[in-house]
Amino acid sequence: MFFKLKDDRIYESMVTTPLSVADIAFGEIGWALLRGVAAATGFLAIVSVLGYVESPWILLALPGAVLIGFCFAAIGLAVTTWLRTMQDFQLIQLVMLPMFLFATTFYPVTVYPEPVRILVKCLPLYHGIELLRGPALGDLHPGLLLSAGYLLALGGGGRLRGPAEARTSADVVTGTRPGRGAGEPTDEELVRNSRVGKVPPPHARTPDRVEYRDVVYAEIDGYRPLMLDLTVPAAASAPVPLLIWIHGGAWRRGSPRVGESWLGVADPVGAAVAAGYAVATVQYRFSGEAHYPAQRDDVRAAVATLRGLAPEAGLDPGRFGAWGESAGGHLAAVLGLDRRDAGPESRVQAVVAWYAPSDLAAFDRAPGSPEGRLLGPAARQDEAARLAGPLAHVSAQAPPTLLVHGDADPLVPCDQSRRFAAALTGAGATAELVVVPGAGHCFDGADLREPVRLSLDFFDRHL
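If you're matching positions, the sequence shown starts at 37 in our numbering and goes up one per residue.
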């Protein structure tokens, strides 16, 4: 659920359909209950075969297990909406371990001092154990009704909390569209930007930065509003250069909020702000929502909107850099090099692409592959696949480009960046290639801080 919410952003996409937040909550809880019923039924069958059943009342343990599953699934659903990073899972362990140790899993509650006993009886796991232990031993008593009511109330509260992050998106979408259209968007619907947004009140302000959240940069009929977050140095005395961060995720998932992703440990946004840059992290339509070139058009629209907001936000419109990783690196490079039907308002002055595909024609374009999902019907056409990659648009007019790639990348071969860098250099453009020895995709096995440093140094020299 955490990855669906924070990484894949599945809930965010789901609420752009007729599904409601309540539908999502009931769906997740229902799926958890189906798994729990299957496990409980199997366990009950096994202990029966082994002769460990002491009372026919043990059959009541099955609905008891369902109630326990409902309670913990609903609580888990609620807790997930509060988590921000993978490190937050340590807090869950901090709660679960004492509850597991003290909730009469190993010792009866009577062995504890009275204050501890009272605390233990407030734990949901204690009531779950009581609800199963009584029927299993044939010991039915009124306290079981208390335990059942406790778990039902707790689960109901968790269910009402629901996927709150998805609710935020639902509030934005409500009234915008009743559901996704059946066909692809028309040319008119693919306009780069239907309206230039306003800088909202700051979401957060610290001594070193000002953060603006959920700036709407495009509203395309039939789709969710596309948003970006903008972070600006707080003490800048003059307009600052802007870096546009484009996240990866095989063009079909991912989050633009870098601090909530695996990159949070390297904190590229914080490093960029400390170096004097503003940073915009942008959404784009996933391949499950629209086929390419929708994604290219989206990031163009983001740049155009940010350039329009430059005077109000304190940005230097002549110093914009695109920075992306994996699928986002592909879009950053396309943004810089593919200028077909593009106006000057969407131009960037430098590009940094990490482990990015540059030639989509060289990949498997089967219907279920990332490239096949991105291109849709055009995946069967070699020329369309070629033109969807930045390698096809190399020229002497390309902005300065830095390519960083691990030589052990199993998903996007390092040769993609090697060929791209050679083509740029051969065309007379400025290009640099940094190969990270032994690093896999997402720089797996390498220090993430070094690519961040190299990237900011490159932007320092070219913006």
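Ideal placement from N, C-alpha and C gives every residue a C-beta, glycine not left out.
Here the structure is a predicted model, which is why all the values come from computation and not from measurement.
* **Buried versus exposed call for Glu407 [16 or more other C-beta atoms within 10 Å across all chains shown]** => Answer is buried; the Cβ neighbour count reaches 16.
* To do: Let me know if Ile82 comes out buried or exposed under the rule of 16 or more other beta-carbons within 10 Å of its beta-carbon.
  => Flag for Ile82 reads exposed.
* **Rounded separation between Ile256 and Pro426 - CA only** => In this structure, the CA atom of Ile256 is about 25 Å from the CA atom of Pro426.
* Is the distance from the Cβ of Ala386 to the Cβ of Leu499 below 9 Å? -> A contact, by the Cβ cut-off of 9 Å.
* Test item: CB-CB of Val370 and Val335 under 9 Å -> Yes, the Cβ-Cβ distance between Val370 and Val335 is below 9 Å.
* According to DSSP, is Leu373 helix, strand or coil? -> Of the three classes helix, strand and coil, the one that applies to Leu373 here is helix, per DSSP.
* Could you spell out the range, first to last residue, of the beta strand (DSSP E) harbouring Val246? => In the DSSP assignment, Val246 falls within the beta strand (DSSP E) that extends over 245 to 254.
* To do: Please classify Gly312: does DSSP put it in a helix, a strand, or coil?
  => Looking at Gly312 - three-state DSSP - the assignment turns out to be coil, as it is neither helix nor strand.
* **For Trp93, three-class secondary structure by DSSP** => Residue state, collapsed to three classes: helix.
* **Cβ distance (whole Å) where Ser273 is taken to contact Arg409 below 8 Å** => That belief does not hold up - the Cβ atoms of Ser273 and Arg409 are roughly 46 Å apart, past 8 Å.
* Secondary structure of Val301, DSSP reduced to three states -> When DSSP states are grouped into helix, strand and coil, Val301 belongs to the helix group.
* Is Pro487 near the ligand ATP, in the sense that its beta carbon is under 8 Å from a heavy atom of that ligand? -> No copy of the ligand ATP occurs in the structure displayed, which carries no ligand at all.
* To do: Using 10 angstroms around the beta-carbon of Glu419, count the other beta-carbons present and answer buried if the total reaches 16, otherwise exposed.
  => Glu419 is exposed by the Cβ-count criterion.
* Asked: Can you name, in chain order, every residue of its own chain whose Cβ lies under 7 Å from the Cβ of Gly372, other than the five neighbours on each side?
  -> Excluding five sequence positions before and after Gly372, the CB atoms of its chain that fall closer than 7 Å to its own CB belong to Ala358, Val384, Val387, Ala434, Pro435, Thr437, given in chain order.
* **beta strand (DSSP E) segment containing Ala386, residue limits** => For Ala386, the enclosing beta strand (DSSP E) begins and ends at 386 to 390.
* For Ala467, which beta-bridge partners are listed by DSSP? -> Ala467 pairs with Thr437.
* Under 9 Å between the Cβ atoms of Leu167 and Ala184? -> Yes. Within cutoff.
* Asked: So Leu447 packs on His477, CB below 8 Å; how close in whole Å?
  -> Indeed, because the Cβ distance is near 4 Å, the residues count as touching under 8 Å.
* State the Cα-Cα distance for the pair Thr317 and Leu264, rounded to the nearest angstrom. => Taking the CA atoms as reference points, Thr317 sits about 6 Å from Leu264.
* Given Arg332, which residues of its chain have a CB within under 6 Å of its CB, disregarding the five upstream and five downstream residues? -> Within the same chain, Arg332 has close Cβ partners Val370.
* Could you tell me whether the segment 390 to 397 touches the segment 349 to 356, using the rule of 3 or more Cβ pairs below 8 Å? => No, the segment 390 to 397 does not touch the segment 349 to 356.
* Asked: Quick one: what's Ala240 bridged to in DSSP?
  -> In DSSP, Ala240 forms a bridge with Glu247.
* To do: Just mark Gln319 as buried or exposed, buried being the case when its beta carbon has 16 or more other beta carbons within 10 Å.
  => For Gln319, the number of other beta carbons within 10 angstroms of its own is at least 16, and it is reported as buried.
* To do: Can you say whether Ala308 is buried or exposed, counting buried as having 16 or more other CB atoms within 10 angstroms of its CB?
  => Residue burial annotation: Ala308 is buried, with at least 16 other C-beta atoms found within 10 angstroms of its C-beta.
* Is the CB-CB distance between Ala302 and Ser362 below 9 Å? -> Their beta carbons are not under 9 Å apart, which means Ala302 does not touch Ser362 by this criterion.
* Under 9 Å between C-beta atoms of Leu580 and Ala337 -> In this structure the chain extends from 37 to 499, so residue 580 is not present and cannot be described.
* Nearest candidate by alpha-carbon position, reference Pro99, set Ser84, Ala76, Thr116 -> Taking only the C-alpha atoms, the option nearest Pro99 is Ala76.
* Asked: Is it true that the segment 144 to 159 meets the segment 61 to 73, where meeting means three or more beta-carbon pairs spaced less than 8 Å apart?
  -> Output reads no: the segment 61 to 73 does not touch the segment 144 to 159.
* Asked: Exposed or buried, Glu64, counting other C-beta atoms within 10 Å across all chains shown (16 or more means buried)?
  -> Under this definition Glu64 is a buried residue.
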